[in-house]
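Chemist: Residue numbers (our numbering): 22 to 534. Cβ coordinates follow ideal geometry from the N, Cα and C atoms, glycine included. Predicted model only: the values in this text are computed from it and were never measured. Sharing a structure below in structure tokens format, with a few things to ask.
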């Protein structure tokens, strides 16, 4: 096995990717006495970027200078024009999402256990969630929009859902209310991983940042990961070497892409991309999951307040199938509608409008991501394969989500805010008609996950073992949403952060023997 001595190494632990998970992993490892941690991030610091720090400005971070703005492959049963946000900036996607934060759900973790994953039970992962430095809590009363509050009230009445003041103090399968989000109500400062674990904390002597450094490939010698090749803004490549471990935290698109560029992945994909196979791991890039989001829009009556924390502060979750132990549909009530796909499909959306965005909470369709070049500047390919599950459950939940929204629209006090439905339109009533238009215009919720998943030793598509170690390569782990065996029913950022806490814990445990 290849070894890098402490004397010649740049660090003990090399953390690749300074996003949601990477900031946490690096910060926690740097707390180990004497440990030298090097965190590599492709983008700049977020310290002087007000759009990244003010959570109300989250949408301004999308499709701009920090966003890799990946595009999807043609999608025969869904929207072929998805733009997948991936942020190159310290803090990653935690600088650009709405930080709706859920305590890991028992049903999600029990599903992982059924797939052979050990050590990720509710007590263990819940303890990691409780250690998070990222503040989260109920939306402050001063940030609760009155129109949204009326919609929440109507959803509770129309659908028979309990009104929830807080969500993370127990177990639930349904409810309506303002969500718990990661922010400081007094300042609107988002609880990004970079802010919570790095910039708001005392200096960590053992931690060094390498910013604007793109990871080209891993260094794998004699079956072990010993470092990485990175490229700076001038195109100059250099090697960074780790004495103990390399931890990949580049996210569910770029972590499998990095593995593949390094020769770890499906041999056929690697050969087609011009990469020599080091370890044939067929599961790398497979099992992609995302929350498909539908849309229903109404013309609005009168003006409404702009008060909000993020503009996507509230909604409702519904359990529809008795056989499930988690919510089946999660519906967001945005203050400002996201209607680009509907408009591109020919819908006319009045300037004064309101909308609901129902999500398929537990998708059963499986997509993939893969590379076509060994160059990090060549975007990976993303095929969502939306609505391809054999049972058609994802499609059924999308349609049911809009039907539930129509029931809420007929209920006061929300009904008085509406003039008429404009998308999909009141004339679209049949299951097949609704399904066709909703699938054609569906949106990602930017929750792509599961592309380098944990699994049992006898699972041929499991990339990682239960300690996040890459099979076939010593000294290498993946710690981000790609490690999920299945996608969480609700927004995953809280579980990603808890996974990062757990990852650091596992690294320290294994180092101690």
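Could you tell me if residue 550 is buried or exposed, where buried requires 16 or more neighbouring beta carbons within 10 angstroms of its beta carbon?
Modeler: Beyond the ends of the chain as shown, which are 22 and 534, falls residue 550; an answer cannot be given.
Chemist: Going by DSSP, what residues sit across from residue 310 in a beta bridge?
Modeler: In the DSSP output, where bridge partners are listed per residue, residue 310 has 470.
Chemist: In the DSSP output, which residue or residues are listed as bridge partners for residue 379?
Modeler: Looking at the DSSP assignment, residue 379 forms a beta bridge with 352.
Chemist: Are residue 336 and residue 423 touching if we call contact CB-CB under 8 Å?
Modeler: No. Outside cutoff.
Chemist: Between residue 317 and residue 445, which are expected to be in contact by the criterion C-beta below 8 Å, what is the C-beta distance as a whole number of angstroms?
Modeler: Confirmed, Cβ separation roughly 7 Å.
Chemist: Would you tell me roughly how many angstroms separate the C-alpha atoms of residue 117 and residue 186, rounded to the nearest one?
Modeler: Taking the straight line from one Cα to the other gives about 25 Å.
Chemist: Under the three-state reduction of DSSP, which class applies to residue 333: helix, strand or coil?
Modeler: In this structure, residue 333 counts as coil in the three-state DSSP scheme.
Chemist: Classify residue 373 as buried or exposed, calling it buried when 16 or more other Cβ atoms lie within 10 Å of its own Cβ.
Modeler: Classification of residue 373: exposed, given that the 10 Å Cβ count is below 16.
Chemist: Using only the alpha-carbon positions, how far apart do residue 304 and residue 472 sit?
Modeler: So the alpha carbons of these two residues sit roughly 8 Å apart.
Chemist: Excluding sequence positions up to five away, which residues of its chain have a Cβ less than 7 Å from the Cβ of residue 550?
Modeler: In this structure the chain extends from 22 to 534, so residue 550 is not present and cannot be described.
Chemist: Residues in the same chain with beta-carbon distance under 8 Å from residue 496, minus the five sequence neighbours each way, listed in chain order, please.
Modeler: Counting only Cβ-Cβ distances below 8 Å, and skipping sequence neighbours, we find 245, 246, 247, 263, 265, 266 and 267.
Chemist: Where residue 48 and residue 431 are concerned, what is the direct C-alpha to C-alpha distance, given to the nearest angstrom?
Modeler: Distance between the alpha carbons of residue 48 and residue 431: 49 Å.
Chemist: Would you be able to state if there are at least three C-beta pairs under 8 Å between the segment 108-127 and the segment 57-66?
Modeler: Yes, the segment 57-66 touches the segment 108-127.
Chemist: Can you name the start and end residues of the alpha helix (DSSP H) that residue 536 belongs to?
Modeler: Missing from the structure shown is residue 536; the chain here goes from 22 to 534 and no further.
Chemist: Sorted by chain position, which residues of the same chain lie with C-beta nearer than 7 Å to residue 46's C-beta, five sequence neighbours on each side aside?
Modeler: Closer than 7 Å at Cβ, skipping near neighbours: 36, 268, 270, 500, 521, 524 and 525.
Chemist: Going by alpha carbons, who is nearest to residue 510 out of 259, 528, 394 and 125?
Modeler: Among 259, 528, 394 and 125, the Cα nearest to that of residue 510 belongs to 125.
Chemist: Residue 163: buried (16+ other C-beta within 10 angstroms of its C-beta) or exposed?
Modeler: Counting Cβ neighbours within 10 Å, residue 163 comes out exposed, since fewer than 16 surround it.
Chemist: Using a threshold of 8 Å, state whether the C-beta atoms of residue 390 and residue 249 are closer than that.
Modeler: No, these two residues do not count as a Cβ contact at 8 Å.
Chemist: Per DSSP, which one or two residues make a beta bridge with residue 296?
Modeler: Note: residue 296 sits in no beta bridge, so no partner.
Chemist: Along the chain, where does the alpha helix (DSSP H) containing residue 280 start, and where does it finish?
Modeler: Residues 272-282.
Chemist: To the nearest angstrom, how far is the alpha carbon of residue 528 from that of residue 73?
Modeler: Looking at the two C-alpha atoms, the distance is approximately 30 Å.
Chemist: For residue 127, collect the residues of the same chain with a Cβ closer than 8 Å to its Cβ; drop the 5 residues on either side in sequence, then sort them by chain order.
Modeler: Here the set comprises 143, 192 and 346.
Chemist: By Cβ distance below 6 Å, which residues in the same chain neighbour residue 161 in space, the five residues on each side in sequence not counted?
Modeler: Answer for residue 161: 206, listed in chain order.
Chemist: Residue 463 and residue 508: beta carbons closer than 8 Å?
Modeler: Going by C-beta atoms, residue 463 is not nearer than 8 Å to residue 508.
Chemist: Do the segment 289-302 and the segment 320-336 make contact, defined as three or more Cβ pairs closer than 8 Å?
Modeler: Short answer: they don't touch.
Chemist: For the alpha helix (DSSP H) containing residue 421, name the first residue and the last one.
Modeler: 414-430 is the span of the alpha helix (DSSP H), which, as asked, contains residue 421.
Chemist: Grab me the residues of residue 238's own chain with a C-beta within less than 6 Å of its C-beta, minus the 5 sequence neighbours each way, in chain order.
Modeler: Cβ neighbours of residue 238 beyond the five flanking positions: 250, 282 and 283.
Chemist: When you compare the CB positions of residue 44 and residue 148, do they come within less than 8 Å of one another, or not?
Modeler: No, they are not a contact pair.
Chemist: Would residue 396 be called buried (16 or more neighbouring beta carbons within 10 Å of its own) or exposed?
Modeler: Classification of residue 396: exposed, given that the 10 Å Cβ count is below 16.
Chemist: Does residue 48 come out as helix, strand or coil in the three-state DSSP assignment?
Modeler: Note: residue 48 maps to helix in three-state DSSP.
Chemist: Assuming residue 204 and residue 120 make a contact with CB atoms under 8 Å, what is their CB distance in whole Å?
Modeler: Right, the Cβ-Cβ distance comes to about 6 Å (below 8 Å), so this counts as a contact.
Chemist: State the DSSP-derived secondary structure class of residue 93, mapped to helix, strand or coil.
Modeler: The answer is strand: DSSP assigns residue 93 an E or B state.
Chemist: Hey, out of 155, 188, 330 and 365, whose CA is closest to residue 101's CA?
Modeler: Residue 101 has its Cα closest to that of 365, out of 155, 188, 330 and 365.
Chemist: Short check: CB of residue 485 to CB of residue 475, under 8 Å?
Modeler: Yes; because the gap between Cβ atoms is below 8 Å, this pair is in contact.
Chemist: Under a three-way DSSP split, which group does residue 475 fall into?
Modeler: Here residue 475 sits in strand by DSSP.
Chemist: What is the residue span of the alpha helix (DSSP H) that residue 218 lies within?
Modeler: That residue, residue 218, is in no alpha helix (DSSP H); it is neither H nor E in DSSP.
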